[in-house]
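Notes to accompany the following structure.
Number of protein chains: 2
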Amino acid sequence: MATTRRPGGRSARVQAAVHRAVTELVVERGADQVTIPAVAERAEVNPTTVYRRWGSIPALLAEVAIVAEGGAPAPTGDLRADLADFAEWTLADLARPGGIAFFRAEVAADVDDRRAGLRECLKRTSATIEALLDRAREAGHEPPTLAEVMDRVVAPLYFRVVFSVPGTDAAYARHLAHAVSGKPESR
Amino acid sequence: MATTRRPGGRSARVQAAVHRAVTELVVERGADQVTIPAVAERAEVNPTTVYRRWGSIPALLAEVAIVAEGGAPAPTGDLRADLADFAEWTLADLARPGGIAFFRAEVAADVDDRRAGLRECLKRTSATIEALLDRAREAGHEPPTLAEVMDRVVAPLYFRVVFSVPGTDAAYARHLAHAVSGKPESR
DNA sequence: TCCTTAAAGCAAACATCTTGGCTTTCGCGA
DNA sequence: TCGCGAAAGCCAAGATGTTTGCTTTAAGGA
Numbered sequence: 001m002a003t004t005r006r007p008g009g010r011s012a013r014v015q016a017a018v019h020r021a022v023t024e025l026v027v028e029r030g031a032d033q034v035t036i037p038a039v040a041e042r043a044e045v046n047p048t049t050v051y052r053r054w055g056s057i058p059a060l061l062a063e064v065a066i067v068a069e070g071g072a073p074a075p076t077g078d079l080r081a082d083l084a085d086f087a088e089w090t091l092a093d094l095a096r097p098g099g100i101a102f103f104r105a106e107v108a109a110d111v112d113d114r115r116a117g118l119r120e121c122l123k124r125t126s127a128t129i130e131a132l133l134d135r136a137r138e139a140g141h142e143p144p145t146l147a148e149v150m151d152r153v154v155a156p157l158y159f160r161v162v163f164s165v166p167g168t169d170a171a172y173a174r175h176l177a178h179a180v181s182g183k184p185e186s187r
Numbered sequence: 001m002a003t004t005r006r007p008g009g010r011s012a013r014v015q016a017a018v019h020r021a022v023t024e025l026v027v028e029r030g031a032d033q034v035t036i037p038a039v040a041e042r043a044e045v046n047p048t049t050v051y052r053r054w055g056s057i058p059a060l061l062a063e064v065a066i067v068a069e070g071g072a073p074a075p076t077g078d079l080r081a082d083l084a085d086f087a088e089w090t091l092a093d094l095a096r097p098g099g100i101a102f103f104r105a106e107v108a109a110d111v112d113d114r115r116a117g118l119r120e121c122l123k124r125t126s127a128t129i130e131a132l133l134d135r136a137r138e139a140g141h142e143p144p145t146l147a148e149v150m151d152r153v154v155a156p157l158y159f160r161v162v163f164s165v166p167g168t169d170a171a172y173a174r175h176l177a178h179a180v181s182g183k184p185e186s187r
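Sequence order for the protein chains is A and B. With full-length UniProt numbering, letter number 148 in the first sequence gets 148, and the count goes up by one each step, no holes. With full-length UniProt numbering, letter number 136 in the second sequence gets 136, and the count goes up by one each step, no holes.
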């Protein structure tokens, strides 16, 4: 989305201000309380500008969510450790202020708009996992499949965060990862 | 919510009409396009009535979602078969017209309102699974834990439906169930 | 430096949702 | 059957979000 036809000074400033405003408002009030007029006011930008550039709240949130996402930890080749780190990072990403709020907003959005945010999110996660598994293969391990990691690590974490299941912490995230990376572990 | 102080004819009629209208609109347009005025018009009821009785769209959707939910299949005691049936039913429930839409609406709702819908949903699912596991125990099996079923069957199904992961069908649901009920199965 | 024009700003019309005061209906117990 | 009162209906005011036509600003190339 940085590919605008005139990315220079003013547009960039407006975009930055709007992104910051969205993040702040999502954190403060939750994604469903964020309106375009509110964002515009916080960013000291004209509402019309936001309407014309982004069109809708879901589109705006999707863009901000993608930009805001931090990088996953680099895989070392130690499958067990890498998966555990990945799981912990995924949970941290969801649990960070506004993290799950962005997810909620994308989940709630209309079907057409949805694809942009959710598809992108899934693609990124898949790529991260694949990189991790490739790295493990290079190191001579026999890793689980992408689907297994999705089903047994990522999905439970999302599910538990969305439903606010108690006891969903870093240790549990690692536990899920360990269960899929070979020898299970009691807890 | 059926515990109103005057559940007789008119109130009941209004409630039924509103429920029907909500369901229809969710299916037709998606949950995020459903507004109280639209529901009221469809139900041929005064908007003020809906505002006063339900207050907000999330509250209304939560009530409708709970009422609309069909009953899970009765457990037979055959753990493997019961879990597979349960998984397939869960997926069917999510995939039914408007099924995931209700979930989306609840996920998106504000934190306070959310508890009502999501907590209830989780509680019901837990109870269903527990019943199934108890039945299996009676029959002499040694079933997995509630958390295991949640993490490895329910969570992946929700995740996959929300993200529209291809290949998420009844067979896959059963595959997930089988993987957790003892001997895994290739696919 | 100057010119072109993409993008931001402004203001007013517009649509829509929400709320409040009041009246009317009608379920339900006496 | 009658009367009370909970709940539904009506309408108008108010608030909020959205769109539109136009003007102004300032990147970026000539």
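Glycine included, every Cβ here is placed at the ideal spot set by N, Cα and C.
Item	Value
What does the Cβ neighbour count give for B:T48, buried or exposed, with the cut at 16 atoms within 10 Å?	exposed
Which residues in the same chain as B:Q33 place their Cβ atom closer than 8 Å to its Cβ, once the five residues preceding and following it in sequence are excluded?	L25
Taking 9 Å as the CB-CB limit, is A:S11 close to chain B?	no
Cα separation between B:A59 and A:P75?	44 Å
Quick check: the segment 116 to 128 of chain A against the segment 39 to 56 of chain A, are there 3 or more CB pairs under 8 Å?	no
Below 6 Å CB to CB, which residues in the same chain sit around A:M1 once its five sequence neighbours on both sides are set aside?	Low per-residue confidence applies at A:M1: pLDDT is 40, beneath 50, and the placement is therefore not dependable enough to give any value.
For A:F163, would you say it is in contact with chain B, using Cβ-to-Cβ distances shorter than 9 Å as the test?	yes
Check whether chain B comes within 9 Å of A:A95, counting only Cβ atoms and requiring the distance to be less than that.	no
I want to see whether chain B comes within less than 9 Å of A:D151, judged by CB atoms only; does it?	yes
Could you give the distance in angstroms between the alpha-carbon of A:A87 and the alpha-carbon of A:T125?	11 Å
In whole angstroms, give me the CA-to-CA distance for A:R10 and A:E130.	39 Å
Would B:H19 and B:A68 be called neighbours here (beta carbons separated by less than 9 Å)?	yes
Mind listing which residues of the segment 31 to 43 of chain B have their C-beta closer than 8 Å to chain A's C-betas, in chain order?	A31, D32 and Q33
Where do the N-terminal and C-terminal ends of the alpha helix (DSSP H) with B:S181 fall, by residue?	B:S181 -> no alpha helix (DSSP H), and no H or E assigned at all.
For A:V14, which residues of its own chain have a beta-carbon under 7 Å away from its beta-carbon, when the five flanking residues on both sides are left out?	V45 and T49
Less than 9 Å between the C-beta atoms of A:V154 and B:F159, yes or no?	yes
According to the neighbour-count rule (16 or more other Cβ atoms, all chains shown, within 10 Å of its Cβ), is B:A65 buried or exposed?	buried
Cβ of A:A136 within 9 Å of Cβ of A:D85?	no
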